[in-house]
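A.B. asks:
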Amino acid sequence: MFARTAIRAAIRPASLTQRLGYATAATSSPAHFSASAVDSMNPHGLEISRAQRIAEDGLVSAIGNTPLIRLKTLSEQTGCNILGKAEFQNPGGSVKDRAAKFLVQDAEDKGLLKPNGTVVEGTAGNTGIGLAHVCRSKGHKLVIYMPNTQSQGKVDLLRLLGAEVYPVPAVAFENPENYNHQAKRHAERLDNAIWTNQFDNIANRQAHIETTGPEIWAQTEGKIDAFTCASGTAGTIAGCTRYLKTVSEGRVKCYVADPPGSIIYTYVSSGGQMTERKGSSITEGIGQGRITDNLKPDIDLLDGALHISDEKSIEMVYRCLDEEGLYLGASSCLNVAAARDLAEKLGPGNTIVTILCDGAYRYADRLFSRKWLESKNLVGAVPEHLHKYIVLE
Ligand SMILES: Cc1ncc(COP(=O)(O)O)c(C=O)c1O
Numbered sequence: 001m002f003a004r005t006a007i008r009a010a011i012r013p014a015s016l017t018q019r020l021g022y023a024t025a026a027t028s029s030p031a032h033f034s035a036s037a038v039d040s041m042n043p044h045g046l047e048i049s050r051a052q053r054i055a056e057d058g059l060v061s062a063i064g065n066t067p068l069i070r071l072k073t074l075s076e077q078t079g080c081n082i083l084g085k086a087e088f089q090n091p092g093g094s095v096k097d098r099a100a101k102f103l104v105q106d107a108e109d110k111g112l113l114k115p116n117g118t119v120v121e122g123t124a125g126n127t128g129i130g131l132a133h134v135c136r137s138k139g140h141k142l143v144i145y146m147p148n149t150q151s152q153g154k155v156d157l158l159r160l161l162g163a164e165v166y167p168v169p170a171v172a173f174e175n176p177e178n179y180n181h182q183a184k185r186h187a188e189r190l191d192n193a194i195w196t197n198q199f200d201n202i203a204n205r206q207a208h209i210e211t212t213g214p215e216i217w218a219q220t221e222g223k224i225d226a227f228t229c230a231s232g233t234a235g236t237i238a239g240c241t242r243y244l245k246t247v248s249e250g251r252v253k254c255y256v257a258d259p260p261g262s263i264i265y266t267y268v269s270s271g272g273q274m275t276e277r278k279g280s281s282i283t284e285g286i287g288q289g290r291i292t293d294n295l296k297p298d299i300d301l302l303d304g305a306l307h308i309s310d311e312k313s314i315e316m317v318y319r320c321l322d323e324e325g326l327y328l329g330a331s332s333c334l335n336v337a338a339a340r341d342l343a344e345k346l347g348p349g350n351t352i353v354t355i356l357c358d359g360a361y362r363y364a365d366r367l368f369s370r371k372w373l374e375s376k377n378l379v380g381a382v383p384e385h386l387h388k389y390i391v392l393e
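Note that UniProt numbering gives residue 227 to position 227 of the sequence shown, counting from 1, and the numbers run on in steps of one.
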């Protein structure tokens with residue numbers, strides 16, 4: 001199940017610093033600052049990490065190097081160390097900034113995208129936002145196709161971030177007019193243009209092999225026992241699993257977390273049985289009906305899968321807010337619920353890392369609305385003493 005040499009081949013640590021474009025240490029300070037005066041302003045010996053120095057390459061080099069936050073209450077309750085990677089602190093506000101950066105950079109490295117090029121993607125979510133930031137910062141044009149069922153707010157946000165947006169009829173993937181196929185054809189019609197194809201372009205997974213995984217390993221100093229997160233494109237779960245399995249020589253246990261309406265849980269726990277996609281979830285950006293090219297190379301490395309109901313995810317949205325001070329979207333809270341379930345499965349004393357994908361800002365009108373919760377039959381999932389946070393109609 002776990003072939004070490006094959007795994008090592010997928011990791012290219014030499015290119016890490018080059019791809020991240022970190023600033024190197026500044027060696028001299030301007031003459032008009034006296035060193036002792038500066039020192040006296042920092043009597044507590046504040047430490048600045050390498051990642052906190054100047055992001056020399058602009059916005060793209062400020063992506064990643066997010067904090068790893070200990071969820072104190074949940075850690076005390078489970079007897080495990082539960083750590084959340086604060087991906088909401090990326091410049092575009094989500095874990096998808098990493099994929100956006102690598103998808104664009106990979107196309108540039110391969111000569112497929114030259115200066116002033118056009119990037120085209122089919123997405124209604126965080127990847128579009130990440131790509132918009134990355135494209136503006138690098139001088140590329142961004143074109144987004146999305147189903148016309150998405151909120152006007154999402155269209156407006158992408159447009160104000162500089163993207164050209166085409167809401168198209170929401171038809172099944174098999175239909176050639178599906179937004180993904182339209183995005184592909186749009187890129188094919190232009191010179192110096194790429195379709196980033198986040199689901200099956202493995203530059204997405206590589207972002208997590210080269211950045212998220214190594215960051216987690218360095219931040220925990222290798223003292224990590226397990227990792228879990230959900231799968232959308234699967235870039236995050238696949239890349240982190242690949243890296244953590246390799247660096248720990250198979251020791252770190254990796255579990256994919258899965259919402260209702262997705263086939264990944266059944267596929268992994270049945271040893272590869274493909275099922276019909278049934279049901280749906282309130283979580284956005286995660287859940288999948290197929291094994292993407294990003295997941296294929298790493299799916300056999302997984303130790304198991306955790307099914308997380310919408311009730312558990314919603315409960316965790318309110319608990320993270322109240323107990324940890326963390327204002328998180330539903331996919332992050334599904335991940336935290338999965339970390340809690342994993343803590344129960346593995347027992348006390350384990351260090352478990354998960355991903356805090358994005359904040360609740362884009363979802364607040366639903367997650368904290370009584371009417372919306374009622375429409376999803378989820379009011380009862382919010383613990384009684386936390387109903388005070390249901391502040392919207
Ligand atoms: C909010 C949110 N959480 C989780 C994910 C899943 O990440 P990945 O695509 O790496 O599987 C996404 C992907 O778009 C997302 O938008």
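C-beta: ideal position from N, C-alpha, C; glycine also.
1) Where does Leu-392 fall in DSSP's three states?
2) Beta carbon of Thr-233: closer than 6 Å to some heavy atom of ligand 1?
3) Between the C-alpha atoms of Ile-282 and Leu-161, what's the straight-line distance to the nearest angstrom?
4) Inspect the beta-carbon positions of residue 405 and Asp-225 and report whether they are closer than 7 Å.
5) Glu-121 lies in the beta strand (DSSP E); which residues open and close that run?
6) Pop quiz: Ile-63 and Asp-109 are said to be a contact at Cβ under 8 Å. What is the actual Cβ separation, rounded to whole angstroms?
7) When every heavy atom of ligand 1 is checked, does at least one fall within less than 6 Å of the C-beta of Ile-308?
8) Give me the Cα-Cα distance between Thr-246 and Leu-103, rounded to the nearest whole angstrom.
9) For Ser-34 and Met-41, what's the separation of their Cα atoms in angstroms?
10) Rounded to the nearest angstrom, what separates Asp-298 and Gly-250 at their Cα positions?
11) Excluding five sequence neighbours on each side, which residues of the same chain lie with their C-beta closer than 8 Å to the C-beta of Ala-25?
12) Flag Asn-126 as yes when its Cβ comes closer than 6 Å to any non-hydrogen atom of ligand 3, and as no otherwise.
13) Could you check how far apart the C-beta atoms of Ala-170 and Ser-331 are, in whole angstroms? I think they sit under 8 Å.
14) Could you tell me whether the Cβ atoms of Val-317 and Cys-333 are closer together than 7 Å?
15) Helix or strand or just coil, what does DSSP make of Phe-88?
16) Do Thr-211 and ligand 1 come close, with the Cβ less than 6 Å from some heavy atom?
17) Once you ignore the five residues that flank Leu-378 on each side, which residues in its own chain have a CB closer than 8 Å to its CB?
18) Do the segment 119 to 132 and the segment 180 to 187 make contact, defined as three or more Cβ pairs closer than 8 Å?
19) Taking C-alpha atoms, which residue in Leu-295, Val-391, Phe-173 lies nearest to Gly-239?
20) Is any heavy atom in ligand 1 found nearer than 6 Å to the beta carbon of Thr-266?
21) Is Cys-80 near ligand 1, with its Cβ less than 6 Å from a heavy atom?
22) How would you write the range of the beta strand (DSSP E) that His-307 sits in, first residue to last?
23) Between which residues of its own chain and Lys-223 is the CB-CB distance below 8 Å, once the five residues before and five after are set aside?
24) Output needed for Ala-107: all residues of its chain with C-beta closer than 6 Å, excluding positions within five of it in sequence on either side, in chain order.
25) For Thr-127, collect the residues of the same chain with a Cβ closer than 7 Å to its Cβ; drop the 5 residues on either side in sequence, then sort them by chain order.
26) On a Cα-Cα basis, can you pick out the residue from Arg-159, Lys-154, His-140, Pro-147 that is closest to Val-168?
27) What are the residues that DSSP puts in a beta bridge with Lys-253?
28) Are His-133 and Gly-92 closer than 7 Å when you measure CB to CB?
29) Use the C-beta contact count for Asp-39: other C-beta atoms within 10 angstroms, 16 or more gives buried, fewer gives exposed.
30) For Ala-338, which option in Val-165, Leu-83, Gln-105 has the closest C-alpha, if you only look at C-alpha atoms?
31) Residue ranges of each beta strand (DSSP E) run of no fewer than 3 residues wholly in the segment 105 to 158, ordered along the chain?
32) What residue range is occupied by the uninterrupted beta strand (DSSP E) comprising Tyr-327?
33) With DSSP collapsed to three states, give me the class of Ser-40.
34) Measure the alpha-carbon distance for Ser-94 versus Asp-300 and round it to whole angstroms.
35) Distance check for Glu-56 and Ser-248, CA to CA, integer angstroms please.
36) Closer than 6 Å: is that where the CB of Ile-286 sits relative to any heavy atom of ligand 1?
C.D. replies: By the coordinates alone:
1) Correct three-state label for Leu-392: strand.
2) A heavy atom of ligand 1 is found nearer than 6 Å to the CB of Thr-233.
3) Taking the straight line joining both Cα atoms gives about 26 Å.
4) Limits of the chain in this structure are 1 at one end and 393 at the other, which puts residue 405 out of reach.
5) Secondary structure note for Glu-121: its beta strand (DSSP E) is the uninterrupted segment 118 to 122.
6) With a Cβ gap of about 16 Å, Ile-63 and Asp-109 do not count as contacting.
7) It does not: the Cβ of Ile-308 is nowhere closer than 6 Å to a heavy atom of ligand 1.
8) The alpha-carbon atoms of Thr-246 and Leu-103 are separated by roughly 23 Å.
9) The straight-line gap from Cα to Cα measures roughly 11 Å.
10) When rounded, the distance between both Cα atoms is 13 Å.
11) Per-residue confidence for Ala-25 stands at a pLDDT of 33, beneath the threshold of 50, marking its modelled position as unreliable; the derived number appears in the next sentence. Hits under 8 Å: Arg-50, Arg-53.
12) For ligand 3, the structure offers nothing, since it holds only ligand 1.
13) The distance from the Cβ of Ala-170 to that of Ser-331 is about 21 Å, inconsistent with a contact at the 8 Å cut-off.
14) A contact, by the Cβ cut-off of 7 Å.
15) Phe-88: helix per DSSP, three-state reduction.
16) No, the beta carbon of Thr-211 sits no closer than 6 Å to any heavy atom of ligand 1.
17) Within the same chain, Leu-378 has close Cβ partners Ile-282, Asp-310, Glu-311, Ile-314.
18) Yes, the segment 119 to 132 is in contact with the segment 180 to 187.
19) Looking at the Cα atoms, Leu-295 is the closest of the given residues.
20) Checking every heavy atom of ligand 1 against the Cβ of Thr-266, none is found closer than 6 Å.
21) Checking the Cβ of Cys-80 against ligand 1 gives no.
22) It spans 304 to 307 - the beta strand (DSSP E) in which His-307 sits, taken as one unbroken run.
23) Closer than 8 Å at Cβ, skipping near neighbours: Thr-351.
24) Here the set comprises Leu-113, Ile-194.
25) Cβ neighbours of Thr-127 beyond the five flanking positions: Lys-96, Ala-99, Ala-100, Glu-121, Gln-198.
26) Comparing Cα positions, the closest option is Pro-147.
27) Note: Lys-253 sits in a beta bridge opposite Ala-226.
28) Contact annotation: His-133 and Gly-92 have beta-carbon atoms nearer than 7 Å.
29) By the 10 Å Cβ count, Asp-39 comes out exposed.
30) Ala-338 has its Cα closest to that of Leu-83, out of Val-165, Leu-83, Gln-105.
31) Those beta strand (DSSP E) runs which fall completely within the segment 105 to 158 and span 3+ residues are 118 to 122, 141 to 147.
32) No residue range can be given for Tyr-327, since it is assigned to no beta strand (DSSP E) and is classified by DSSP as neither H nor E.
33) Judged by DSSP in its simplified three-state form, Ser-40 adopts helix.
34) Put simply, the backbone Cα of Ser-94 is about 27 Å away from that of Asp-300.
35) CA-to-CA, the gap between Ser-248 and Glu-56 works out to about 32 Å.
36) Result yes, Cβ under 6 Å from ligand 1.
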